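Notes to accompany the following structure.
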Amino acid sequence: MKISLESYLVKDKISLADISTKADPKVKREDVESKLFPQITQEICTLQERLWAENKHGLIILFQGMDAAGKDSAVKRVFSEVNPAGLSIVSFKAPSEEELDHDYLWRINRALPPRGVIGIFNRSHYEDVVTVRLHDLIKNGPLPDEIKNDSAIWKDRYEQICNWEKYLYQNGFHMIKIFLHVSKDEQRKRLAERLINPDKHYKFDLADIRERQYWDRYQDLYSEMLYRSSTKYAPWYVLPADNKWFTRLLIAMLVRDNLAAIDPQFPELSDDVKSQIHTVKSLFEDVDMKDFGDAILKLSKSKKK
4 MKISLESYLV KDKISLADIS TKADPKVKRE DVESKLFPQI TQEICTLQER LWAENKHGLI
64 ILFQGMDAAG KDSAVKRVFS EVNPAGLSIV SFKAPSEEEL DHDYLWRINR ALPPRGVIGI
124 FNRSHYEDVV TVRLHDLIKN GPLPDEIKND SAIWKDRYEQ ICNWEKYLYQ NGFHMIKIFL
184 HVSKDEQRKR LAERLINPDK HYKFDLADIR ERQYWDRYQD LYSEMLYRSS TKYAPWYVLP
244 ADNKWFTRLL IAMLVRDNLA AIDPQFPELS DDVKSQIHTV KSLFEDVDMK DFGDAILKLS
304 KSKKK
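Numbering-wise, the sequence shown is residues 4 to 308 according to our numbering.
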């Protein structure tokens, strides 16, 4: 089964209206769910362990998309096999008063993962060039008037964001930016499910319904966001999101391929540690297991001397 992730990479000016939200018809769901997806998630698990052990690189996976695009469920499924200690998951809501008292990247910087960890952002700093712009939230915000009234404010923000993402890359933090592209009709079905199914009631938010009236404007702003901020340091991928099983496969492939490109390795052991391992292994052969603890204790005391 040949799937090209390159076809989902944003390389030039695009319009989301021209991009499919459906799964590739040549890919069979049964093959994905029974074989391919489980295999790739296991590979992610193995690579993440090496990333953690090496402790040199970090990986940031950023999700954007319309409400009900499947961000939460994708994270849950794709990273189900990963050690939680090696994951950092942050959902960015409307900024708090404290966050508004700082620059718009302040809260994002605070959420960055350390080296060795995969950081997952559910929404991100791109809210500050899309939602903030759509609803003109700058107008009543705490920015100085000369910045609010600057016609180049959005151009400047894109430049700031791209420079910041390049800075992260040059410090060992890689970023995958994923836009989950759901159709308006599929979003309607998923929002309706939250009203009908009692098990989904907890997901209901009236604001999600209100935001649908701005659908076309969101599509335009997201299209601009994608082509203005997709770089070789932090590329955007537009993934069809109407069929969750296919979306999750593509996400898993992106994560696996990026981790493989980083190629983290288990650290080389020092001669002293190698010697200790050799000594302890020999104890397994020479000492009865009931006396093994005493033997280790004696070895530890002799090392201290």
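Every residue, glycine too, gets a C-beta built ideally from N, C-alpha and C.
Just so we're clear, the structure is a prediction, and the values are computed from it rather than from any experiment.
Close CB contacts of Leu50 within its chain, under the 6 Å cut and outside five residues either way in sequence, are with Leu262 (chain order). Secondary structure remark: continuous beta strand (DSSP E) runs of at least 3 residues inside the stretch 52-109, in chain order: 61-68 and 90-94.
Here the alpha carbons of Tyr170 and Asp223 stand approximately 28 Å from one another.
Straight-line spacing of the CA atoms in Pro28 and Ser226 works out to 25 Å. From the listed residues Lys96, Arg80, Asp219 and Lys277, the smallest Cα separation to Met256 is found for Arg80. For Val185, the closest alpha carbon among the candidates Gln173, Ala237 and Gln67 is that of Gln67. By the beta-carbon neighbour count (other beta carbons within 10 angstroms, threshold 16), Tyr205 is exposed.
Distance between Tyr230 and Ile280, taken at the CA atoms: about 53 Å. In terms of Cα proximity to Met228, the closest of Lys16, Glu9, Tyr172 and Gln268 is Lys16. At the C-beta level, Trp248 and Arg32 come within 8 Å of one another. Straight-line measurement puts the Cα of Arg53 at about 13 Å from the Cα of Ala88. Asp70 and Ser273 have their C-alpha atoms spaced approximately 50 Å apart. Counting along the chain, Tyr240 sits inside the beta strand (DSSP E) bounded by residues Trp239 to Pro243.
Put simply, the stretch 149-163 does not touch the stretch 35-43. Fewer than three CB pairs are less than 8 Å apart. Assignment of Asn125 by DSSP, reduced to helix, strand and coil, places it in the strand class. Ranked by Cα distance from Asp260, the first of Cys48, Leu137 and Ser23 is Cys48. Linking Val135 to Gln190 through their CA atoms gives a straight-line distance of about 22 Å. For Lys151, there is no enclosing beta strand (DSSP E); the residue is part of the alpha helix (DSSP H) that begins and ends at Asp148 to Lys151. No Cβ-Cβ contact shorter than 8 Å links Ile123 with Ser76. Here Ser233 is buried, its C-beta having at least 16 other C-beta atoms within 10 Å. Judged by DSSP secondary structure, Ile181 falls within the beta strand (DSSP E) whose first and last residues are Phe176 to His184. When the five nearest sequence neighbours on each side are left out, the beta carbons in the same chain lying within less than 6 Å of the beta carbon of Phe207 are those of Arg197, in order along the chain. Residues of the same chain with a CB within less than 7 Å of the CB of Arg193, apart from the 5 flanking positions on each side, are Ala71 in chain order. Thr24 and Ile63 have their C-alpha atoms some 24 Å from each other. In the DSSP assignment, the residues bridged to Leu12 are Tyr240.
Here Leu12 is not near Pro201, since their CB atoms are 8 Å or more apart. The distance from the Cβ of Gly119 to that of Gly73 is about 28 Å, inconsistent with a contact at the 8 Å cut-off. At least 8 Å separates the beta-carbon of Pro145 from that of Asp106.
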